[in-house]
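Participant: Chains as they are written, first to last, in my numbering: chain A, 1 to 314; chain B, 315 to 849.
Before anything else, here's the structure in question.
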Amino acid sequence: MLTYIVRRLLSTVMVMAIVALFVFSLLYIAPGDPAAVIAGEQASPEDVEKIRTALGLDRPFVVRFTEWAWQIVRYQNLGTSMFTGLPVTELIVQRIEPTLSLAVLTLIVAIVIAVPMGIVAAWQAGGWIDRFVMAFAVAGFSVPVFVVGYLLSYFFALYLEWLPTQGYTPISRGLWPWLENLILPTIALGFVYIALIARITRATMLEVLSQDYVRTAKAKGVGQGSILFLHALKNAAVPIVTVIGIGVALLIGGAVVTESVFAIPGLGRLTIDAIVRRDYPVIQGIVLMFSFVYVIVNLCVDLAYTALDPRIRY
Amino acid sequence: MDRRKFLKSSLSVGAVAASGGLAAPALSQGAAAKTLKFVPQANLANFDPVWGTQYVVRNASQLVWDTLYGLNSKLEPKRQMVASEEVSADGLTWTFKLRDGLKFHDGEKVLAKDVVASITRWTSRDAMGQMLKAINKELTAVDDTTIKWVLAKPYPKMLYALGKVGTPCCFIMPERIAKTDPFKQIEEYIGSGPMKFVRADWKPGAIAAFEKFGDYAPRNEPSDWWAGGKVMSFDRVEWIIMPDPATASAALQSGEIDWWETPLTDLVPVLKRNRNIKVDIADPLGNIGSFRLNHLHPPFNDVKVRRAVQMALSQEDYMRAMSGSDTALWSKLGSVFTPGTATFSDAGGEVLTGPRNIDGAKKLLAEAGYSGQPVTCLVAQDQPPLKAMGEVTADLLKKIGMTVDFVATDWGTVGQRRASKNPPGQGGWGMFHTWHAGADAANPAGHIACRAGGEKGPAWFGWPDDPKVEEGVAQWFDAKSPEEEKAAMAVANKASMESVTWIPTGFYKSFQAWRSNLEGVSDGPLPWFWGVKKS
Chain A
1 MLTYIVRRLL
11 STVMVMAIVA
21 LFVFSLLYIA
31 PGDPAAVIAG
41 EQASPEDVEK
51 IRTALGLDRP
61 FVVRFTEWAW
71 QIVRYQNLGT
81 SMFTGLPVTE
91 LIVQRIEPTL
101 SLAVLTLIVA
111 IVIAVPMGIV
121 AAWQAGGWID
131 RFVMAFAVAG
141 FSVPVFVVGY
151 LLSYFFALYL
161 EWLPTQGYTP
171 ISRGLWPWLE
181 NLILPTIALG
191 FVYIALIARI
201 TRATMLEVLS
211 QDYVRTAKAK
221 GVGQGSILFL
231 HALKNAAVPI
241 VTVIGIGVAL
251 LIGGAVVTES
261 VFAIPGLGRL
271 TIDAIVRRDY
281 PVIQGIVLMF
291 SFVYVIVNLC
301 VDLAYTALDP
311 RIRY
Chain B
315 MDRRKFLKSS
325 LSVGAVAASG
335 GLAAPALSQG
345 AAAKTLKFVP
355 QANLANFDPV
365 WGTQYVVRNA
375 SQLVWDTLYG
385 LNSKLEPKRQ
395 MVASEEVSAD
405 GLTWTFKLRD
415 GLKFHDGEKV
425 LAKDVVASIT
435 RWTSRDAMGQ
445 MLKAINKELT
455 AVDDTTIKWV
465 LAKPYPKMLY
475 ALGKVGTPCC
485 FIMPERIAKT
495 DPFKQIEEYI
505 GSGPMKFVRA
515 DWKPGAIAAF
525 EKFGDYAPRN
535 EPSDWWAGGK
545 VMSFDRVEWI
555 IMPDPATASA
565 ALQSGEIDWW
575 ETPLTDLVPV
585 LKRNRNIKVD
595 IADPLGNIGS
605 FRLNHLHPPF
615 NDVKVRRAVQ
625 MALSQEDYMR
635 AMSGSDTALW
645 SKLGSVFTPG
655 TATFSDAGGE
665 VLTGPRNIDG
675 AKKLLAEAGY
685 SGQPVTCLVA
695 QDQPPLKAMG
705 EVTADLLKKI
715 GMTVDFVATD
725 WGTVGQRRAS
735 KNPPGQGGWG
745 MFHTWHAGAD
755 AANPAGHIAC
765 RAGGEKGPAW
775 FGWPDDPKVE
785 EGVAQWFDAK
795 SPEEEKAAMA
805 VANKASMESV
815 TWIPTGFYKS
825 FQAWRSNLEG
835 VSDGPLPWFW
845 GVKKS
């Protein structure tokens, strides 16, 4: 097992190197000019050119890539934002807490709601609860995050005046102020994940509940709760955990929209701002960080399989 | 107490218990009244007003850095950091004396050497500054409070240059900061303005904060735009970045923010219906919509083709597409300059505001020998006004029989591609859309777009070449009275209309909105924070 983990971690380095080269190349050939954006609307072409030179954007691809990669490898330095003049690491650190809070809370809420929903739907397959869960799932997949966000904001923040419409308060300033700002975004973002996880849970549980060992358990007089949660759920857990792992990846995309709708200063908005302005070092830094997160999440999911299913060994 | 506050206070009790007392320190009502929450037009992505010339940077910089002069609402330069000035009889030597009590945020006195360094940096980037640099003989600090500037040629617009609102403005920084290469960003944000920049709270894309500078000594005069006493009633001003207009609208309605600089026109009716919100025109100088034509390559290197487009286009179509049907917000404009100012001229502008002539345009195109070559039309889809203009233009060109190569892209790409002098088929362009802030376009001072010096310059993208326009501009710079300035602008405008250097698509204004408990919000080309109070 330990060898497997070490091997996977080593492969992470290779994956990130490939990602780094790919992103750098992509940004190099993409149209757009940060110097023109910095110089502003009234700037003369000469000024734009001088800024481009000052930023080092006139240097060859190989020189720029080598310098950037060396800074990362040698000094763990992701570079400096071309626009803010701040280190990319500082910008990412500033934005991690809101995104992490939103992502973790959304995952918790989604799992806590969706898994029981899926189990009950499978148990009552064909009944009204099952139909309700499926209708909810269809709605969750169909309605875009921003629509859910605006509806929630209008009803709970503007109409009922229960919750703020926007913003983020760090958890260091108190549990309720932190939570207050995250309730609506979490529901908005969680909607689709609840739908996804509930559907997968239902489908997997349906399959498991039709197995011989479940029928045997029922025949032996095992209680319904034990059958569902101890016998069936454990065996249905592998696909559910896989979907949750994929969900983490999808969460990043959803967070971009949710952070915009609720004005949460997270990594999603940082990414969009950087792309719009062509702030290459920031884009590269964020993509590298996300790719690292994905690799680690996948590793965690793979390791979770061994805990859930003793037959799986690495 | 509203429902949210009630709910908050009730839940806070529980939360305190649950979290072991980890509740937030509540702001008292007095503290809340001393904090202004403002949503600016864009993200404050950098904070160097000379290096980055975006309007949002200038607007934030006015809080932190002071200027020698400031324009009032009549666009007259008035003394700000300066106590007195003197110009020699031949107009070649200017002597400025700084007023008493000027201090930087680090406690150091503002000295003449700081002013010299700041002016030197500014003259490398600003259009008027570059003119001054070209005729500069000597710029020195005579003593701690006196600056002497000797020129090779008189420059009557000196005070206007030092106090103008067009970017980049001549902000005064400590010498050590002002010595930074003008094409590199400063790393310290020390000014002598009424507010200090709170570097630790700056999260680009999220928030920028400013705290009152206790040692700031405002002029003992009423404020009038950038002139007069900058008296701040807030201890803290927070700029909260909200990329989504619907979110900003909701936040303003719920009282989470106090002031929104640029509400989306579509959302204004909702805001106007709310009795807790006031909505009014933000800037009487508004904006000029425009499209630039590439004079270097066919088809727009032929004046007949440019005139064909000019005589066919309907500014009303553009303005309705951009600003809606509220005619209080827009008007036709037969000028490359901002209407409503004392020296405005629309001489020759009837070609834009008179009856439209599609048939005449087709005839002119035929005379020019236009044979259907595609017009590469760059349209930034991420800028709603530009997208709207682009779609109207595409329709217009098709109506007069031109072939359109509609390049739907983003502003970053337009910014890059418009600098290319290559033919349209080789990475160049035929036309692109943009706009000019009315304050910049009020006269030729900082209005590089009105220049027509051709490829060698001065000229903006499209590189129009018309000596008559340049003659008018030169006359303006030499003008000694408003009458002379007006006459010069008439010359420049008439020539510009005749040779179609570029095409204005109309004049439009936008709204600003604020909570009704905010007093003293005034109009202007940028949001003025002095004189604003919160009850």
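Note that beta-carbon positions come from the ideal geometry of N, C-alpha and C, so glycine has one too.
Suppose the cutoff is 6 Å on Cβ atoms and the five residues either side in sequence are ignored; what does the same chain contact list for L267 (chain A) look like?
Facilitator: R95, T99
Participant: Expressed to the nearest angstrom, what Euclidean distance is found between the alpha-carbon atoms of V145 (chain A) and L700 (chain B)?
Facilitator: For the pair V145 (chain A) and L700 (chain B), the Cα-to-Cα distance works out to about 27 Å.
Participant: List the residues of chain A whose Cβ lies closer than 8 Å to the Cβ of P518 (chain B), in chain order.
Facilitator: S81, F83, T84, L86, L91, D273
Participant: D495 (chain B) and E35 (chain A) - do their beta-carbons sit closer together than 8 Å?
Facilitator: The sequence given here has Ala at residue 35 (chain A), not Glu. Not closer than 8 Å, so no.
Participant: Going by beta carbon distance, what residues of the same chain come within less than 8 Å of A738 (chain B), once the five residues before and after it are set aside?
Facilitator: First, the amino acid is wrong: residue 738 (chain B) is Pro here, not Ala. Apart from the 5 residues on each side of it in sequence, P738 (chain B) sits with its Cβ closer than 8 Å to the Cβ of N608, H611, P688, V689, T690, D719, G744 in its chain, given in chain order.
Participant: Taking the beta strand (DSSP E) that P818 (chain B) falls in, what are its first and last residues?
Facilitator: Boundaries of the beta strand (DSSP E) around P818 (chain B): 816-822.
Participant: Are the CB atoms of I602 (chain B) and D837 (chain B) within a distance shorter than 8 Å?
Facilitator: no
Participant: Which value, in whole angstroms, describes the spacing of the CA atoms of P320 (chain A) and T80 (chain A)?
Facilitator: Limits of chain A in this structure are 1 at one end and 314 at the other, which puts residue 320 (chain A) out of reach.
Participant: Below 7 Å CB to CB, which residues in the same chain sit around A125 (chain A) once its five sequence neighbours on both sides are set aside?
Facilitator: L206
Participant: With DSSP run on the structure shown, which of helix, strand or coil describes A340 (chain B)?
Facilitator: The predicted position of A340 (chain B) is uncertain, since its pLDDT is 47 and thus under 50; a value taken from the coordinates is nonetheless stated next. In the structure shown, A340 (chain B) sits in coil (DSSP, three-state: anything other than H, G, I, E or B).
Participant: Could you tell me the distance, in whole angstroms, from the CA atom of D780 (chain B) to the CA atom of S810 (chain B)?
Facilitator: 8 Å
Participant: If you draw a straight line from the C-alpha of P669 (chain B) to the C-alpha of P778 (chain B), how long is it?
Facilitator: 26 Å
Participant: Under a Cβ-count criterion, where at least 16 other Cβ atoms within 10 Å of its own Cβ denotes burial, should I312 (chain A) be classed as buried or exposed?
Facilitator: exposed
Participant: Let's test the definition: count the other Cβ atoms within 10 Å of the Cβ of V347 (chain A) and tell me whether it reaches 16, buried, or not, exposed.
Facilitator: No information on residue 347 (chain A) is available, as it lies outside the stretch 1 to 314 that chain A covers here.
Participant: Starting from the Cα of F361 (chain B), find the closest Cα among B:L377, B:A346, B:D457 and give me that residue.
Facilitator: B:L377
Participant: For a test of your reading of the model: does the CB of V378 (chain B) fall under 7 Å from any non-hydrogen atom of the ligand HEM? Yes or no.
Facilitator: The ligand HEM is absent from the structure shown, which contains no ligands of any kind.
Participant: Consider the Cβ of D696 (chain B): report whether some Cβ of chain A lies at a distance smaller than 8 Å.
Facilitator: yes
Participant: With a threshold of 6 Å on Cβ separation, who are the neighbours of F548 (chain B) within its own chain once the five nearest residues in sequence on each side are excluded?
Facilitator: K348, L350
Participant: If we ignore side chains and look at the alpha-carbon of each, how far apart do L336 (chain B) and A346 (chain B) end up?
Facilitator: At L336 (chain B) the pLDDT is 41, less than 50, meaning the model places this residue with poor confidence and gives no usable figure here.
Participant: Need the endpoints of the alpha helix (DSSP H) that D130 (chain A) sits in, please.
Facilitator: 128-142
Participant: Note down the Cα distance separating R439 (chain B) from I296 (chain A), rounded to an integer number of angstroms.
Facilitator: 48 Å
Participant: So for V401 (chain B), helix, strand or coil by DSSP?
Facilitator: strand
Participant: What does the alpha-carbon distance come out to for the pair S604 (chain B) and A431 (chain B)?
Facilitator: 36 Å
Participant: Kindly indicate which three-state DSSP category Y469 (chain B) falls into: helix, strand or coil?
Facilitator: The answer is coil: DSSP assigns Y469 (chain B) none of H, G, I, E or B.
Participant: Would you check if there are 3 or more beta carbon pairs closer than 8 Å linking the stretch 100-120 of chain A to the stretch 179-197 of chain A?
Facilitator: yes
Participant: Using the DSSP secondary-structure output, state which residues sit across from I461 (chain B) in a beta bridge.
Facilitator: B:F410, B:A455.
Participant: Between the stretch 33-63 of chain A and chain B, which residues of the former have a C-beta closer than 7 Å to a C-beta of the latter?
Facilitator: D33, A36, V37, I38, A39, G40, E41, Q42, A43, S44, P45, D47, V48, K50, I51, A54
Participant: Compare the C-beta of A359 (chain B) with all C-beta atoms of chain A and state if any pair is closer than 8 Å.
Facilitator: yes
Participant: So, helix, strand or coil for Y231 (chain A), using DSSP?
Facilitator: According to the sequence shown, residue 231 (chain A) is His rather than Tyr. Correct three-state label for H231 (chain A): helix.
Participant: Where do the N-terminal and C-terminal ends of the alpha helix (DSSP H) with I51 (chain A) fall, by residue?
Facilitator: From DSSP, the alpha helix (DSSP H) with I51 (chain A) extends over 45-55.
Participant: What residues from the stretch 472-498 of chain B come within 9 Å of chain A, judged by C-beta to C-beta, listed N to C?
Facilitator: Correct list: G480, T481, P482, D495, P496, F497, K498.
Participant: Show which residues of chain A have a CB atom less than 8 Å away from the CB atom of M556 (chain B).
Facilitator: Q166, A263
Participant: With the cut-off set at 8 Å, would you say I762 (chain B) and W774 (chain B) are in Cβ contact?
Facilitator: yes
Participant: Can you tell me whether K234 (chain A) is buried or exposed? The criterion is at least 16 other CB atoms within 10 Å of its CB, across all chains shown.
Facilitator: exposed
Participant: On a Cα-Cα basis, can you pick out the residue from B:E399, B:M395, B:F524, B:E502 that is closest to D414 (chain B)?
Facilitator: Per the Cα distances, B:M395.
Participant: If we ignore side chains and look at the alpha-carbon of each, how far apart do T717 (chain B) and G686 (chain B) end up?
Facilitator: 6 Å
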